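Undergrad: Residue numbers (the numbering used here): 202 to 363.
All residues carry an ideal CB built from backbone N, CA and C; glycine is no exception.
All values reported here derive from a predicted model rather than from experimental measurement.
Mind having a look at this structure? Questions to follow.
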């Protein structure tokens, strides 16, 4: 019969005695990778990689960025990411999250927004400028003779064409 592997919590407790940093360093060295190779692949500085491997937590970001760093490092080394994150939680503590309760009546108070939204404001100034430019361009085209005679249906337009 095959032996069952120990549960994850037992493996994490045993690895925690070693430490997350030394575990990551051992995994990296087992794959014959240098800190600079890891740094270029993960887009973290060499000092951050070294700080993680030496467990200098004060040189590293806290909270979710640190968890993301460990998760990406674990994926890169093809390690058990959940075990690494558990080790991180044992060493630096779990991430503190704050939730906002959006269901309270005070948060659902009326706002200054209208039900139908703000009325659409048309850019009348731009419309007038465009119409003026079209008007000037049309008279210029008529004066230069660029417009065919058949298009000039009004007599006063024909008089503009000289």
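Which whole runs of the alpha helix (DSSP H) in the segment 256-288 are 4 residues long or more, in chain order?
TA: Taking only runs of at least 4 residues, the alpha helix (DSSP H) segments lying wholly in the segment 256-288 are 265-277.
Undergrad: Let me confirm a value: residue 254 is counted as buried when at least 16 other C-beta atoms fall within 10 Å, else exposed. Which label applies?
TA: The residue labelled residue 254 in the question sits at position 53 within the chain shown. Residue 254 comes out buried.
Undergrad: Between the segment 286-294 and the segment 263-277, can you find at least three pairs of beta-carbon atoms closer than 8 angstroms?
TA: Verdict: yes, contact present.
Undergrad: Less than 7 angstroms between C-beta atoms, sequence neighbours within five positions excluded: which residues of the same chain meet that for residue 282?
TA: Looking up residue 282 in the chain shown gives position 81. Here the set comprises 272, 275 and 276.
Undergrad: Assuming residue 250 and residue 236 form a contact by the criterion Cβ under 8 angstroms, report the distance between their Cβ atoms to the nearest whole angstrom.
TA: By one-based count along the chain shown, residue 250 stands at place 49. By one-based count along the chain shown, residue 236 stands at place 35. The Cβ separation is near 5 angstroms, so the contact holds.
Undergrad: Using three-state DSSP, classify residue 322 as helix, strand or coil.
TA: For the purposes of this step, residue 322 is taken as residue 121 along the chain shown, with counting starting at 1. Residue 322: coil per DSSP, three-state reduction.
Undergrad: Would you mind stating whether residue 234 and residue 248 have Cβ atoms separated by less than 9 angstroms?
TA: Here residue 234 is taken as the residue at index 33 of the chain shown, counted from 1. Here residue 248 is taken as the residue at index 47 of the chain shown, counted from 1. Their beta carbons are not under 9 angstroms apart, which means residue 234 does not touch residue 248 by this criterion.
Undergrad: Answer with yes or no whether the minimum CB distance from residue 272 to chain D is below 9 angstroms.
TA: The displayed structure is made up of one protein chain only, and chain D is not part of it.
Undergrad: So, are the CB atoms of residue 332 and residue 343 less than 9 angstroms apart?
TA: Your numbering for residue 332 matches position 131 in the chain shown. Your numbering for residue 343 matches position 142 in the chain shown. Not closer than 9 angstroms, so no.
Undergrad: On the CB-based measure, 16 or more other CB atoms within 10 Å of its CB, does residue 245 come out buried or exposed?
TA: By 1-based counting over the chain shown, the position of residue 245 is 44. Under this definition residue 245 is a buried residue.
Undergrad: Going by C-alpha distance, which of 351, 323, 360 and 324 is nearest residue 340?
TA: Start at 1 with the first residue of the chain shown, and residue 340 comes out as number 139. Residue 360 is the option with its Cα nearest to residue 340.
Undergrad: In this structure, how does DSSP classify residue 232 when only helix, strand and coil are distinguished?
TA: Taking the first residue of the chain shown as 1, we reach residue 232 at position 31. Coil, per DSSP.
Undergrad: If distances are taken between C-alpha atoms only, which option among 240, 264 and 356 comes closest to residue 290?
TA: Sequence index remark: in the chain shown, residue 290 carries index 89 (1-based). Of 240, 264 and 356, the residue nearest in Cα terms is 264.
Undergrad: Could you compute how far the alpha carbon of residue 240 sits from the alpha carbon of residue 229?
TA: The residue you call residue 240 lines up with position 39 of the chain shown. The residue you call residue 229 lines up with position 28 of the chain shown. If I take the Cα positions, the gap works out to 12 angstroms.
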